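Some notes on the structure that comes next.
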Amino acid sequence: MNSTELEAVLAADRTLAVVRANTIPDAARLAEALSAGGIRTLELTFTTPDVTRHVRRVVETAGDHGAIVGVGTVMTAAQAREAIDAGAQFLVTPGLRPEVAAVAREAGVPISLGSLTPTEVAAALDLGSEIVKIFPARHVGPQYLKDLQGPFPGVKLLPSGGIDASNARSYLDAGALAVCCGTSVVPPSAVDAGAWDDITTRAKDFVRAL
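Take any residue in the sequence shown, count from 1 to its spot, add 2: that is its number in the working numbering.
Take a look at the structure:
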């Protein structure tokens, strides 16, 4: 998957699910639950134990659910290589990580570097991040995204942090390519318990709000 293909999916679905959990009983069932709710893209993070094993499970069963899986909270080049070797289709970082960007570029894997200030957004773009993650979005709000598009016309922004069904649409209206949904759709307790029907319902409710 290249950046253009990832952008197209995110633009169509308008959201991706960021999963942080203590355990994932069956990553394939998780992907299936989200896809059934209208969210085809999920980000599994390095804060979840055995994340690369879960990535492999999603990739191996992609024909059953059609989900796209990436890995987030990638902090080092070694983690980036580990994620890519496991089949990650994109990488996400919480901040500027040049060494991670270099691995992604070499492998031809899309990356979304975390940024907040205009200086960081410019640096992310220079490092090859065609989709720039704005984190933590809760502290700047939707208007901030609109302001960033003045000096960065056409920039593809992906706000993350503090976004739920009550405010997600406002970020899209402010020009976000898509928004990240987290605990409001995939609460760790529901993931840990394998409450797949609950997650599908949450995903449907979130997508409906968009």
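Just so you know, even glycine gets a beta-carbon here, dropped at the ideal spot from N, CA and C.
Please read these numbers as outputs of a predicted model, since none were measured by experiment.
DSSP links A19 through a beta bridge to L44 and C183. Beta-bridge partners of P161 (DSSP): I136. For S114, the secondary structure class from DSSP, reduced to helix, strand or coil, is strand. DSSP links I70 through a beta bridge to T43. Between the alpha carbons of D149 and T119 lies a gap of roughly 11 Å. By the beta-carbon neighbour count (other beta carbons within 10 angstroms, threshold 16), A80 is exposed.
Under DSSP, V94 takes part in a beta bridge, and its partners are S114. Distance check between K206 and each of G39, N169 and E7 places G39 closest, using alpha-carbon atoms only. Contact between D15 and T54 is ruled out by a C-beta separation of about 24 Å, above the 8 Å threshold.
Here D166 carries a coil assignment [DSSP, helix/strand/coil]. Closest in alpha carbon position to A88, among S131, T63, E108 and R58, is R58. Excluding five sequence positions before and after V157, the CB atoms of its chain that fall closer than 8 Å to its own CB belong to V123, L127, V134, L150 and Q151, given in chain order.
Annotation: A195 to P27 spans about 8 Å, alpha carbon to alpha carbon. Note that the C-beta distance between V21 and V193 is below 8 Å. Note that the C-beta distance between G130 and A103 is below 8 Å. Closest in alpha carbon position to L147, among M77, L179 and A35, is L179. Here the alpha carbons of P153 and A197 stand approximately 44 Å from one another. For V71 against V60, the beta-carbon gap comes to about 4 Å, under 8 Å, which counts as contact.
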